[in-house]
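S.K.:
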Amino acid sequence: MSLESSGQVETLRTSSITNVISKLIHDPMGAVGLLIVISFLLVAIFAGVLAPYDPNKIDILNKLQGPSLQHLVGTDQLGRDTLSRLIHGTQIALLVAVVSIGLAVLMGSILGAIAGYGPAWLDFIIMLIFDTMRSYPVIMFALAVVVLFGPSLTTIMVIIIATSFPTYGRLMRTQTQTLRKSEYILSAQALGIGTPRILLKHVMPNTIGPILIVASMDVPFVIALEAGLSFLGLGVRPPTPSWGSILNDGYTYIRNSSWILFSAGAPLILVTIGFTFLGEQLRDILDPKIGRGL
Amino acid sequence: MEGSPGNALEVHGLTIKYGELPALKSVDLSVGHGRIVGIVGESGSGKSTLASALIGLLPNSAKITKGNILFDGQDLTKIAADGFRDIRGHLISMVSQDTLSALNPVLTIGEHLIDIQFRERIGVAEKRKRAIEALQSVHMPDLEERLSMYPHELSGGQKQRVSIAMAIMMRPKILIADEPTTALDATLEVEIIALLRELQKEIGCAMIFVTHHLGVVTSLCDDVVVLHDGIVQEAGKVREIFLYPQSNYTKNLLLCDPAHIEEKCRRLPTMSSPYEKKIENKDSARRRIAIDQGPILQIEDLVVKFKKPFALKNLLMRSKPAEITAVDGVSLNVFKGETLAIVGESGSGKTTLIRSIIQLVSCQSGAITFLGKSTLTKDLKDLASIRRSIALVFQDPIGSLSPRMTVEGIVKESLHHGSASIKSKPDEVVRLLSLVGLPAAFAYRYPHQLSGGQARRVCVARALAQQPKMIIADEPTAGLDVSIQGEILNLLSELQDSLQLPILIVTHNLNVVRHISDRMVIMLRGKIVEQGSTEEIFSNPHHDYTKRLLASNIHPLPGS
Amino acid sequence: MIKYTIQRILLAVLIIACAVATMFIMIHAVPGDPANVMLGPRATLEIKEALRAKLHLDQPITTQLFYFFRGLLSGDFGFDLRSNRPVLDIIFEQFPHTLILVTSALVVSTIGIPVGCYAAIHRNGKFDRVVGTISVSIIAMPAIVVGLYMLLFFSVKLRLFPVIGAGDSNDWLDYLWHLTLPVITISIAWIGYISRIVRASMIEVLNQNHVRMARAFGLPESKIMSRYALRIAVLPSITMLGVSVALILSSTVIIEIIFARPGIGSLLYESVLSRNYPLVMGAVLFSTIFIVAGTTIADLANAALDPRARKEAN
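Chains as they are written, first to last, in our numbering: chain A, 1132 to 1425; chain B, 1114 to 1673; chain C, 6 to 319.
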């Protein structure tokens, strides 16, 4: 029995997650993205410790000041320290993003997998649900819901979940459909392996990649959505500091102090860059034609 | 620089590298006017690189480091891109292997044929007329209709005819055919080769035919060049080379081709041991096959139909959607220790048949019994245990392995029957891999890091891990080089000899069937048209289709 | 093609019906009297009674749904109490401004197609790398930030562009001047997005066998690019443009408010602030119909250009 030569093929002994992270770090875009994301996560968790002032502490005498040694990015119209408000705003932004997207991914993936794997009539109904929710313009839908049910953080999260889950659902469905016909799923069935185990060991690992990528690209969008709603006064109630409400303050006082507006936009831009870079790099790594493939 | 006047094209010392890796090493080639030259080699031999170089479509990563290609008074390795563009499609034409992707999916056939004529200063009506003539010359049915059809509406054979029509339409001096029939059925292959021969005579062009199929070279080509590892092993007239090969490689290649071996072998020669073959011993065969025990697998009157998806038309006309009968009342038996081959072309229903045995496809009527129990049971536990006792090896070796599992994980899954509670001995996986001839290090590889042959071995290892009572192999040699086919077949024979394992093989490769199977069954459009012992059928076929099939098995020995 | 068109339009109608039904369910999910919800706290008892009779609110849910639908089909999107005019009339008054904004943004976004194309052809060249980094950075830049920054720099600080309004509708130059910043704000992200999609798609197509075969026949590069490569590579971006209608329409709310432009977005916002429920529902439903129309047109365009898409539907 002849043996075939091993050639120059690299053998992967390490687990795939550590492998992915190391590849991320090696590329400049990925490293930057990862750095930004981790920084924001840390800021959100340790907001109370990092913020120099109480975000709600009013100090009328020092209102609308530019950057100084005491207030690194200045103060707003009530004399509150903008930087502290921004730091606390990070908590809200990331909380909304992580919870809403997490639940939307869960809901969408389950429905999408059922739609892709199950009978045709069920697929039709689920797709109809997806298409219906996708036809609502998000902010307008949000406004309608807020008008009916009143503004609150929970309302925002429900709105986001309701309008985002179709995206993940469709993605999961397309992947499940392709997978369903693939020979390795058939092979697993031919081995006598039951459906739940097939879904867990064969379907999920192969579909979760793209979904994670889309989810990470969605984070800045969701954060912007929350900011937008708060900007319109329909999100978190004052005086809770959301980036959106700070932006609104900046907009209102645009001629007095451009610093509020300018500094409120900065974290939004950074978060966008961070998650987008991370998502793009993840996509390049997980794409079989470029990343792990030869 | 001029080549000799008798030659349409000459290649001198061509060396091509992909980065640091050489693909062609100092290759020489002469193509005489009006001659058909076959370039024979296995995968990785460099023959596709050579074909690409001759038409100037090497990928960007390839560099011609030495040598030249002389054509029509020019050196093709030195001319500018514009210059080469003038030659392509006009003086040198190409037909490629992949019929599926060679045509633009958003253009109709007519648009393809008219586009090619962009150099001609004639009106569209005239171009259309020429397009129809071109399709006529490749014997395309329903001409007018075809012109406005899209590629995906055509069958594989028809698409290939269109590609050929496009290639010969401008009456080139040289036609390069890069494995044009590899993906086609045997009977279709015969037709396309006859077509190429006819067209070549008509136009009088020289043809370069790249293939790994020695039989095709014998039936079509005048001269042959044997390529291995980027080096020309030998070149000359087909008759001389194949009857009196000089180089070791060619000798071994001819020795290993299952089609070349007259006697029925139990162990075929392989490239590493080309002189070892074990001819089938009739007595041991009789002892091996346990006829008196009754069939281990029994299929009776199996019918499998597919419904076409519900269309708007059905709603409007209140009709039921049409049905396709894939398997139409098939009955067959397999005995312990024997190998039964199911032979048929694409669309014959053979794949559907074997998939329905373990209910991967549901059937409408009929009975299937394995070891006395019905495999069409509704009970899920029984079905799971039946699936575990029958090992199915799929046609696509890499595709049937889960992309994100290592070889070790895949084999372990089979060992544990998918349940988490069974613990196996740590070196079970290594033992199974060595049984199929793979070193232990392969356990850590992912499917995309395996070659076709290696992946197929992993599939066999996985099948063995099930400790099956029967193996069903769907096209076990498809896509494999001739030299590796023997290894896989020997592996199966060894298993059968030691375990008395019944094997059901589905294939369209008659040369494989001749050696490895004891009995065979011929399927056409869902029905069995003939069955019997392999020897009987090969020497004395009854049904017309069987005769046609055997005739289309292009015999590799020249002069036969 | 006709078969596919009919199927697609039927599906669109079904989706709109479901969207309307969802809205209906939401209205009824609010605790309290639906008449209150739909008319707001200002409505008098008489008006509420009239509405109750018209919508048959005392009858079972399914009957109500039927009358709701019937009303919509006859163009009755509700009645605005404040101005005493049908909601649909008010919407039609404001909508043209939004329509112009959305259409201009879509048209400007198509710049992404040639940009992506060029980047793909000269892959890894300077143009590709520069454009690549820029577009990746700006792709998901939220419209709210871009809009506000634009306002800050170009309008307030540099005084180059107007701060408020849509300008004089009769003077198209003035109108265009007012339109500039909002359109740039919206299309910046989309140009980046579309160019990435076209680039990826183009690279994939250029590697495919039929492009290689077209070259094998000596076809001129220009023809190969247009007929054999671009025509196929563009397809995903057409679908994307269809999807983008929903997202662009969504962001017009913020944009119209930031730049104080008239349009369905600011209409909606004002209605929300003043709790003008009929107007809110009407505006959302109208936008939904517009979006479904947009995606349907994009799908039909895709099927017209790609014969394979038609086959799958059948």
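Virtual Cβ for every residue (Gly too), placed ideally from N, Cα, C.
Going along chain C, which residues have a C-beta under 9 Å from Ser1161/B?
M.R.: The premise fails here: Ser1161/B is roughly 12 Å from chain C at the closest Cβ pair, so nothing lies under 9 Å.
S.K.: Identify the contact partners of Gly1202/B in chain C, using a Cβ-Cβ distance below 8 Å as the criterion.
M.R.: Within chain C, the residues near Gly1202/B are Ala221, Phe222, Gly223 and Leu224.
S.K.: Pick out the complete alpha helix (DSSP H) segments inside the region 1482-1507 of chain B, 4 residues or longer, and give them in chain order.
M.R.: Listed in chain order, they are 1493-1502.
S.K.: With distances taken Cα to Cα, identify the nearest neighbour of Val1625/B among Ile1641/B, Phe1555/B, Asp1587/B and Lys1660/B.
M.R.: Checking every option, the nearest Cα to that of Val1625/B belongs to Asp1587/B.
S.K.: By the 9 Å beta-carbon criterion, what residues does the region 1298-1316 of chain A contribute toward chain C?
M.R.: Result list empty, no residue passes.
S.K.: Is Lys1272/B helix, strand or coil by DSSP?
M.R.: Helix at Lys1272/B.
S.K.: In angstroms, rounded to a whole number, what distance separates the CA positions of Tyr9/C and Gly1243/A?
M.R.: Taking the straight line joining both Cα atoms gives about 24 Å.
S.K.: Arg1386/A versus chain C: which residues are under 9 Å apart at the beta carbon?
M.R.: What Arg1386/A touches in chain C: Val161.
S.K.: Have a look at Arg1423/A and Ala1319/B and give me their C-alpha separation to the nearest angstrom.
M.R.: Because Arg1423/A carries a pLDDT of 39, less than 50, the predicted location of this residue cannot be relied on, and the following value inherits that uncertainty. Approximately 43 Å, taken between the alpha carbons.
S.K.: Got a sec? Which residues, its chain only, sit under 8 Å from Met6/C by beta carbon, not counting five neighbours each side?
M.R.: Cβ within range, chain order: Ala308, Ala309 and Arg315.
S.K.: I need the straight-line Cα distance from Val120/C to Gly130/C, nearest angstrom please.
M.R.: Whole-angstrom Cα-Cα distance: 13 Å.
S.K.: Are the C-beta atoms of Ala1321/A and some chain B residue less than 8 Å apart?
M.R.: So yes, Ala1321/A belongs to the interface.
S.K.: Could you confirm whether any beta carbon from chain A is found closer than 8 Å to the beta carbon of Met286/C?
M.R.: Yes - at least one Cβ of chain A is within 8 Å of the one on Met286/C.
S.K.: Can you say whether Arg1544/B is buried or exposed, counting buried as having 16 or more other CB atoms within 10 angstroms of its CB?
M.R.: Arg1544/B is exposed by the Cβ-count criterion.
S.K.: Taking the beta strand (DSSP E) that Asp1291/B belongs to, which residues open and close that run?
M.R.: Residues Ile1287 to Asp1291.
S.K.: Under the assumption that Ala1215/B contacts Ser1209/B (Cβ atoms under 8 Å), give the Cβ distance between them as a whole number of angstroms.
M.R.: So it is a contact: roughly 5 Å between Cβ atoms.
S.K.: Pairs of beta-carbons, one from the region 1221-1232 of chain A and one from the region 1361-1381 of chain A, closer than 8 Å: are there three or more?
M.R.: The region 1221-1232 of chain A is in contact with the region 1361-1381 of chain A.
S.K.: Using the C-alpha atoms, what's the distance from Asp1657/B back to Ser1673/B?
M.R.: With a pLDDT of only 42 at Ser1673/B, under the threshold of 50, the placement of this residue in the model should not be trusted; the figure read from the coordinates follows. Going from the Cα of Ser1673/B to the Cα of Asp1657/B covers about 22 Å.
S.K.: Out of Glu1436/B, Leu1602/B, Thr1178/B and Ile1168/B, state which residue places its alpha-carbon closest to the alpha-carbon of Phe1184/B.
M.R.: Closest by alpha carbon: Ile1168/B.
S.K.: What does a CB cutoff of less than 7 Å around Thr1659/B pick up in its chain, not counting 5 residues either side in sequence?
M.R.: Excluding sequence neighbours, Thr1659/B sits near Ile1635, Val1642, Glu1643 and Ile1650.
S.K.: Spell out a yes or no on whether the region 1146-1158 of chain B and the region 1329-1344 of chain B are touching, meaning 3 or more CB-CB pairs, one atom from each, closer than 8 Å.
M.R.: The region 1146-1158 of chain B vs the region 1329-1344 of chain B: in contact.
S.K.: Residues of the region 139-150 of chain C with a CB closer than 8 Å to any CB of chain A: list them in chain order, please.
M.R.: Those would be Val141, Ser142, Ile144, Ala145, Met146, Pro147, Ala148, Ile149 and Val150, in chain order.
S.K.: With a threshold of 8 Å on Cβ separation, who are the neighbours of Ser1347/A within its own chain once the five nearest residues in sequence on each side are excluded?
M.R.: Taken in chain order, the residues that qualify are Phe1406, Leu1409, Gly1410 and Leu1413.
S.K.: Compute the distance between the beta-carbons of Met1282/B and Arg1243/B, then report whether it is under 8 Å.
M.R.: A contact, by the Cβ cut-off of 8 Å.
S.K.: Along the chain, where does the beta strand (DSSP E) that runs through Pro1135/B open and close?
M.R.: Element bounds for Pro1135/B: Leu1134 to Gly1145.
S.K.: Cutting at 7 Å between CB atoms, please list the residues of its own chain near Lys1459/A, excluding the five before and the five after it.
M.R.: Not covered by the structure: residue 1459/A. The range shown for chain A is 1132 to 1425.
S.K.: Let me know the alpha helix (DSSP H) ranges lying completely inside the region 1354-1427 of chain B, each 4 residues or longer, listed in chain order.
M.R.: Segments of the alpha helix (DSSP H) lying fully in the region 1354-1427 of chain B: 1361-1369 and 1395-1401.
S.K.: Tell me, to the nearest whole angstrom, how far the beta carbon of Thr1263/A is from that of Ala24/C; I am working on the premise that it is less than 8 Å.
M.R.: Right, their Cβ atoms sit about 5 Å apart.
S.K.: Rounded to the nearest angstrom, what separates Asp1212/A and Thr190/C at their Cα positions?
M.R.: Those two C-alpha atoms are separated by around 29 Å.
S.K.: Does the region 180-195 of chain C come into contact with the region 268-277 of chain C, if we say contact requires no fewer than three beta-carbon pairs (one atom in each stretch) closer than 8 Å?
M.R.: Not touching, per the Cβ criterion.
S.K.: On the three-pair Cβ rule with 8 Å, is the region 224-244 of chain C touching the region 139-149 of chain C?
M.R.: No, the region 224-244 of chain C is not in contact with the region 139-149 of chain C.
S.K.: Excluding the five sequence neighbours on either side, which residues of its own chain have a C-beta within less than 7 Å of the C-beta of Arg1558/B, listed in chain order?
M.R.: Answer for Arg1558/B: Thr1519 and Val1520, listed in chain order.
S.K.: Does any residue of chain B bring its CB to less than 8 Å from the CB of Tyr123/C?
M.R.: It does not: the Cβ of Tyr123/C has no partner Cβ on chain B nearer than 8 Å.
S.K.: Given that a residue counts as buried once 16 or more other Cβ atoms are within 10 Å of its Cβ, and exposed if not, what is Ile1421/A?
M.R.: Low local confidence applies: a pLDDT of 42 at Ile1421/A is under 50, so the model's placement there is unreliable, with the coordinate-based value given in what follows. It counts as exposed.
S.K.: To the nearest angstrom, how far is the alpha carbon of Ile1437/B from that of Ser1665/B?
M.R.: About 27 Å.
S.K.: Quick check on Glu261/C: does DSSP put it in helix, strand or coil?
M.R.: Three-state DSSP puts Glu261/C in a helix.
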